[in-house]
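Going by my numbering, the letters in the sequence shown line up with residues 3 to 376, in that order. Just so it is clear, CB atoms sit at the ideal spot from N, CA and C, and this is done for glycine as well.
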Amino acid sequence: MEKSNGLKSHLKFTFTLLTGILGGVLFTLLRLPIPWLLGPMLAVLIGSNTAKGYYGWPAAVRNTGMIIVGYTIGLALTVSAIREMSRELPSMLLMTAALILLCGGIAAAVSRLSGCDFRTVLIGSIPGGLTQMLILAEETEGINMTVVTVTQVIRLMMIIITVPVLVFGPLNGVSGGTAAQIPALSAVHATWTGLFPNIFIFAAVSVVCAVAGNKVKFPTPYLLGPAIGTAVIQLSGLSGPALPVPVLDAAQLMIGVYVGLLLKPAGLEHKVRTLVLALGSSVLLIAGAFGLSEILRIYSSASPATALLSLAPGGMDQMSLIAHEVNANLPMVAGYQLFRTFFIFFAVPPMLKLFFRVWDRTKTGGRQPERQAE
């Protein structure tokens, strides 16, 4: 056994933590998006591949980060959000289904052209939020995490670049829309003193729901368990406190470091072709979302900016923040984004399992597909 692999676990953890913090600080100074998720992820990816045996990250730390993220998702499910979703439910369901079907079509084309596994490309194409989709990919068997991460990050970067241009540009004049009555989640100024005493109740419920979800084999239990528990308590009348930015950054670091250790650059086959196709699929997805937003605009009489932000395949926080800036209908934007997030995490995992089961039977039963040369 090599000496370098004998480094004690607590030293590995410390070394990994310092590397992750360095990556987060660097990305923050460079003003890059989601610095405390992508920064630690990239820093640990580079470090763990150049200094093998010096990196380690307990699953319990990653699970803690997931519980925190799950709590923040549950906070978004307020009475006003439920009311908005109930009014728009048929349209939300139709548009979300259309967007996911579009993702499926794009994934099938990319898989055929790139030679990548269809399951991997499909999960990489579904717009459920970067953190959430990486967690879902990590918990799904047979998925190439490197391909999923590359595809999701490229999609995120494309959205960050193109959606503001479309919203603020001539195609979507930002006049119209209802003045926002609710601040975007990203704009909430949380304080440490504002956490108490309610945070004790929500923390206990989040942990219990996460553990219970894991016991009953719930999909992404450490994320959805706290989200459901938090939402139920909020709907019962007790408000959950918003978390200060350092806590959210720490949660992203916990997950980003873990994902960074999972990434294997050698597992990215046909690198240039895969990157080009990931870029092309992101463009097609954004174009498809823009087309669906035009249908929604006509159907609901929403402003162009409101319709586009409601269906843009980005994160709810980012889209809500832009909606707040352009005076779009924030409850509608947050409602559509929140519905898609919950639909993807509640409905998509079992649907994917069923689809992949049928897919496997189709490939193994009847006429055998041609085997690739080894």
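Using alpha carbons as the reference points, say which of the options lies closest to residue i.
i, options, result
"S284", "P333, S127 and V209", "S127"
"T21", "A336, A252 and V46", "V46"
"L44", "P352, K54, V63 and L24", "L24"
"N200", "L77, I162, L226 and P267", "L77"
"A330", "S50, P306 and F348", "P306"
"A289", "L79, V165 and L132", "V165"
"L2", "L19, I161 and L32", "No answer is possible for residue 2: the residues shown for the chain start at 3 and end at 376."
"N65", "L19, L168, L310 and L225", "L225"
"F358", "T308, G106 and A99", "G106"
"E90", "V71, P352 and A309", "A309"
"A99", "G144, M353 and L31", "M353"
With the cut-off set at 9 Å, would you say residue i and residue j are in Cβ contact?
i, j, result
"G316", "L136", "no"
"M94", "Y338", "yes"
"W38", "A252", "yes"
"L279", "S11", "no"
"A229", "I102", "no"
"G227", "A206", "no"
"Q154", "F347", "no"
"Y56", "F120", "no"
"L377", "I125", "In the structure displayed, the chain extends from 3 to 376; residue 377 sits before or after that span and is not available."
"M97", "S312", "yes"
"L104", "L298", "no"
"G58", "L255", "no"
"I257", "G49", "no"
Once you ignore the five residues that flank residue i on each side, which residues in its own chain have a CB closer than 8 Å to its CB?
i, result
"A61", "Y260"
"L356", "none"
"P246", "A192, T193, W194 and L197"
"A83", "P333, A336, G337 and L340"
"V360", "none"
"G130", "L138, R342, T343, I346, F347 and V350"
"I184", "For I184, the pLDDT reaches just 37, beneath the cut-off of 50, and the residue's location in the model is therefore unreliable, although a value from the coordinates is still provided. Excluding positions up to five away in sequence, the list reads S82, L332, P333 and A336."
"L34", "L40 and G41"
Residues in its own chain within less than 7 Å of residue i by CB, not counting five upstream and five downstream?
i, result
"F204", "Y73, T232, I235 and G242"
"T151", "L136, V261 and L265"
"F29", "P37, L40 and G41"
"C211", "G227, P228, I230 and G231"
"G178", "In this prediction, G178 scores a pLDDT of 38, lower than 50, which makes its location untrustworthy; the coordinate-derived value is nonetheless stated afterwards. Only S305 meet the Cβ criterion."
"T80", "Q236"
Taking 6 Å as the limit between beta carbons, can you name the residues of its chain near residue i, skipping five residues before and five after?
i, result
"V123", "A109, V112 and S113"
"E4", "Caution applies to E4, whose pLDDT of 42 falls short of 50 and renders its modelled position unreliable; the value that the coordinates give is listed next. If we look at E4 and ignore the five residues flanking it on each side, it has no Cβ neighbours."
I'd like to know if residue i contacts chain D, where contact means its C-beta is closer than 9 Å to some C-beta of that chain.
i, result
"F341", "In summary, chain D is missing from the structure at hand, where a single protein chain is found."
Practice item. At 4 residues or longer, and completely inside the segment 341 to 367: list those alpha helix (DSSP H) runs for me, N to C. Key: You should have 350 to 366.
**Study point:** alpha helix (DSSP H) runs wholly inside the segment 221 to 260, at least 4 long, in chain order
**Key:** 223 to 237
Exercise for review: Write down every uninterrupted run of the beta strand (DSSP E) in the segment 88 to 115 whose length is 3 residues or greater and which is fully enclosed by it, in chain order.
Suggested key: none
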